[in-house]
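**Q**
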Amino acid sequence: MVIDFDKFDSDDDLNCNLCIIGAGAAGITLAREFNNTKINVILVESGGIEYDHQIQMLYDGETYITEGSIRRKAYYNSLMGWRLRFFGGTTNHWSGGCKPFRDIDFEKRSWISNSGWPINAADLEKYYRRAEKVIQLSSSVYSDELWHHLNIAPLEFDKDKIESWFEQRSGFLKEAGNPNSWRDITGKSIGSLKFGKEYRDELFDSKNIKVLLHANAVDLITNNDINHVNLLKISNLSRVRESKIIADTFVLCAGGFENPRILLNSGNRDNGGIANNNGLVGKYYLGHPLAEFGTLVTRDQEQADKLGHDFSMHKALEKNLVDPHLRFSNACLNNNKMLNIGIWLRVKSDKNSGIYSAIEIYKQLILNKTLPNNLTKNMINVLKDIDDVIVQSFRNASDDPSSSYTTSRFVIPTEQSIRIWGIVEQAPISDSKVHLSTNQDELGLNKIIVDWKLNGQEKQTMRRALIILGNEFGRLNIGRVKIDDWLLEDDNLLGPLSDTGIGSHPAGTTRMSTTSVSGVVDVNCRSHFIDNLYISGSSIFPTNSYVSPTHTIVALSIKLADHIKRNLVHKSQT
Amino acid sequence: MSIPFKVSRRVLLSTIVGLVTIGVYRISRKATNNDKQKILTDYIEKNCNKYNISRLGQEYIRPNKISGARKDQILSKIFSGNYTNVDELESYLIDIYTEDYSHEKYIFLNNWILSETEAVVCILMLAR
């Protein structure tokens, strides 16, 4: 059933076996695992079923980037822009990219400090398969085997170095009208599977699950020893309605920033909140540095056309689009001491298009507050393409949250060179962190400050990746690679990474570890210090691969559900 | 200084081939090999845009990045080819590049990742 807490008319406490905080990918997946069981569940969601800007404002905070010795405010408020705070969470505008992490992502790697999960890929294998059903993928194939399905001859890279791989895009064909490729839906609403929309009826109609909308978690109240959560205090946005949820088990599923924020705001804030005995909550924050960082000029037009076609999205499987990209073999990552990195090849954006020029003007005038370079030329380009600019601007200014992802997708295939684009795993360091500000939101909760830092391995990895790639493209006589200037500069200078890496796929802030010395939750996602408090979502990732996190988030939630089921059954028997 | 995009896009690879060709042309003149000279002349006429070579050459040529010994080694390899016509020359050069790239014998020239052999030919152009 569903309860709108704004209209909730009872002073009674709410009771359940399992209280899940947050209805995004993690929370909805977890709740569904308990549907039609004897376990009573309350799923607490801050938002309603539609976007509400006032509620979204609860996400507001500050973001800082450190380059060398300089700490500066981030240009883009990623805390507001990347996430969504309503039923379904950020799946309301995610890109749909799905792929399991691989063996090496879980391993302790000697060249990456603080790497290594207490579980391995085999432990998650069966949960990845179950997750594929939740995110509605039609296949478990992500390897270069898919080229054969596409009737495309794959590039013959040295497999000891580079291999082509695929992401599946969840939900695209269902939402976007069966397009044949990514380009057919460029500029339209992202068609990824929206968990809130997809699973709303199932959860709202459930007999043992109560979905509580417009209810914000404001304080987890523990016993005196701070090793057991007794109840959760909730409030609606106006603070007119407040209540308590009493449960056997509590699970935080509020995302990479909100999970640590709730912990830090609970109990005694001045003393670091709860579940934070070793001061690790919020530390080791991981973003996903991503950027264009090189150009491939092909030996002829035919090669450019082929690569442009082969490395765009394809309809390959029954329900999904697949997105080909390149990755590096385990041996190559080992030998070169690289972080994990994925490479995408994209036809070059047309720098003379109105959209591109409008974005350039916006970035410099609004974000940097400087007089734009080439203002006249850019203005002419904008006027030339004014119809397209208006349509796209309207789309992005509207409250349709699903459109907010489209600004980065203005790819207009006119230039016959290929831009090389990559996402790199971030090396976990404790100085990269989420902590509380003294500023408070409407609910009286302290906002967060994100301090994002990289240790230089990310740029080194991108550079090394491009050299390997350049040599392979040369060997195959496909073309020559040019590295972007910024990548050859000092490793402390982030270049375009500083605009994109912070806020994207936030992870690591309540990391999983064998002992409490190096993390916040154990192998079962339970707090090291609080016996009935669990955490799910990307905040528990000790390292974050280059892969989009949702598939792993869903797999971990299913694994956690199995554990909680066993635990609650055991408790009821004893 | 970066290369104007249109120039690099349109002519980069053909220019590299051109540079190679002219370099080998000079080498072959020194070697007084008339047959090779004819092949290379044909190759230049077929592939090279002299204006673009000159322009890109200014950007790409970075002497002293490869040691003298290594340069001599590469030159002798170019000379040792058994090419008797333009196509064979091209094929022979591509084989050398492939071998270079296979063993990561590359060099940065103005941010481009080029095989050492390509780079040596660029250096030859400087002396022209």
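As you go down the protein sequences, you meet chains A and B in turn.
Per the working numbering, residue 1 is the first one in the first sequence, and the count goes up by one each step.
Per the working numbering, residue 1001 is the first one in the second sequence, and the count goes up by one each step.
Even glycine gets a Cβ: it sits at the ideal position worked out from N, Cα and C.
In terms of residues, what are the limits of the beta strand (DSSP E) holding Val211 of chain A?
**A** 209-213
**Q** DSSP three-state label for Gly1172 of chain B, please.
**A** There is simply no residue 1172 of chain B to check, as chain B begins at 1001 and stops at 1128 in what is shown.
**Q** Short check: CB of Thr295 of chain A to CB of Ile564 of chain A, under 9 Å?
**A** no
**Q** Nearest-angstrom Cα distance between Gly537 of chain A and Asp1100 of chain B?
**A** 46 Å
**Q** Would you please verify whether the beta carbon of Glu472 of chain A is less than 9 Å from any beta carbon of chain B?
**A** Chain B, which has a Cβ nearer than 9 Å to the Cβ of Glu472 of chain A, makes this yes.
**Q** By Cβ distance below 6 Å, which residues in the same chain neighbour Gly22 of chain A in space, the five residues on each side in sequence not counted?
**A** So the qualifying residues of the chain are Cys253, Ala254.
**Q** Less than 9 Å between CB atoms is the rule here; does Asn1110 of chain B satisfy it with respect to chain A?
**A** yes
**Q** Cα-Cα, which of A:Lys283, A:Asp52, A:Lys38, A:Val554 is closest to Leu213 of chain A?
**A** A:Asp52
**Q** Determine the direct distance from the alpha carbon of Asn524 of chain A to that of Asn567 of chain A, and round the result to whole angstroms.
**A** 11 Å
**Q** How about Ile226 of chain A and Ile535 of chain A: are their beta carbons less than 9 Å apart?
**A** no
**Q** Between the region 1077-1095 of chain B and chain A, which residues of the former have a C-beta closer than 8 Å to a C-beta of the latter?
**A** Ile1094
**Q** Taking Cβ to Cβ, would you say Val322 of chain A is nearer than 9 Å to Ala316 of chain A?
**A** yes
**Q** Helix, strand or coil, according to DSSP, for Glu156 of chain A in the structure here?
**A** coil
**Q** What's the C-alpha gap between Tyr127 of chain A and Leu497 of chain A?
**A** Whole-angstrom Cα-Cα distance: 32 Å.
**Q** Report all residues from its chain with a CB closer than 6 Å to the CB of Glu167 of chain A; omit the five preceding and five following residues, and keep chain order.
**A** Gly97, Lys99, Asp323
**Q** Looking only at DSSP bridge pairs, what is Trp1112 of chain B linked to?
**A** DSSP, once it has assigned bridges, lists A:Lys482, B:Leu1109 as partnering Trp1112 of chain B.
**Q** Out of A:Lys233, A:Asn334, A:Leu326, point me to the one whose CA is closest to Ser243 of chain A's CA.
**A** When each option's Cα is compared against that of Ser243 of chain A, the closest is A:Lys233.
**Q** Kindly identify the DSSP beta-bridge partner or partners of Asn216 of chain A.
**A** DSSP output for Asn216 of chain A lists A:Ser235 as bridge partner(s).
**Q** Let me make sure I understand the geometry here. Which of A:Glu198, A:Pro428, A:Ala25 has the alpha-carbon closest to that of Trp452 of chain A?
**A** Selected option, being the one with the closest Cα: A:Pro428.
**Q** To the nearest angstrom, report how far apart Glu132 of chain A and Leu556 of chain A are at their CA atoms.
**A** 12 Å
**Q** Does DSSP classify Asn575 of chain A as helix, strand or coil?
**A** The structure shown does not extend to residue 575 of chain A, since chain A spans only 1 to 574, so no value can be given for it.
**Q** Considering only C-alpha positions, which residue in the set A:Val134, A:Ala31, A:Asn544 is nearest to His288 of chain A?
**A** A:Asn544
**Q** When you compare the CB positions of Gly342 of chain A and Ala507 of chain A, do they come within less than 9 Å of one another, or not?
**A** no
**Q** Would you list, in chain order, the members of the region 478-496 of chain A that have their beta-carbon closer than 8 Å to a beta-carbon of chain B?
**A** Gly479, Arg480, Val481, Lys482, Ile483, Asp484, Asp485, Leu488
**Q** How would you list, in chain order, the residues of chain A whose beta-carbon sits under 9 Å from the beta-carbon of Leu1114 of chain B?
**A** Chain A residues near Leu1114 of chain B: Gly470, Gly474, Arg480.
**Q** Check whether the region 108-117 of chain A touches the region 72-79 of chain A, taking contact to mean three or more Cβ pairs, one atom from each stretch, closer than 8 Å.
**A** Flag = no, the region 108-117 of chain A and the region 72-79 of chain A do not touch.
**Q** Using a Cβ cut-off of 9 Å (strictly closer), state whether Leu466 of chain A contacts chain B.
**A** yes
**Q** Check the Cβ of Thr1098 of chain B against every Cβ in chain A and list those closer than 9 Å, keeping chain order.
**A** Gly474, Arg475, Leu476, Asn477
**Q** Based on the DSSP output, what are the partners of Trp344 of chain A in its beta bridges?
**A** A:Trp421
**Q** Please classify Arg239 of chain A as buried or exposed, where buried requires at least 16 other C-beta atoms within 10 Å of its C-beta.
**A** exposed
**Q** One question on the structure: do Val547 of chain A and Asp205 of chain A come within less than 9 Å of each other, judged by their Cβ atoms?
**A** no
**Q** Within 10 Å of its beta-carbon, does Ile386 of chain A have 16 or more other beta-carbons around it, so buried, or fewer, so exposed?
**A** exposed
**Q** Does the Cβ-Cβ distance between Asp490 of chain A and Gln460 of chain A come in under 9 Å?
**A** no
**Q** Return the chain-ordered list of same chain residues with a C-beta closer than 7 Å to the C-beta of Met80 of chain A, the five sequence neighbours on each side being excluded.
**A** Gln56, Tyr59, Asp60
**Q** Identify the residues that DSSP records as bridge partners of Asn230 of chain A: which are they?
**A** Note: Asn230 of chain A sits in no beta bridge, so no partner.
**Q** Using a Cβ-Cβ cut-off of 9 Å, state whether Asp158 of chain A counts as contacting chain B.
**A** yes
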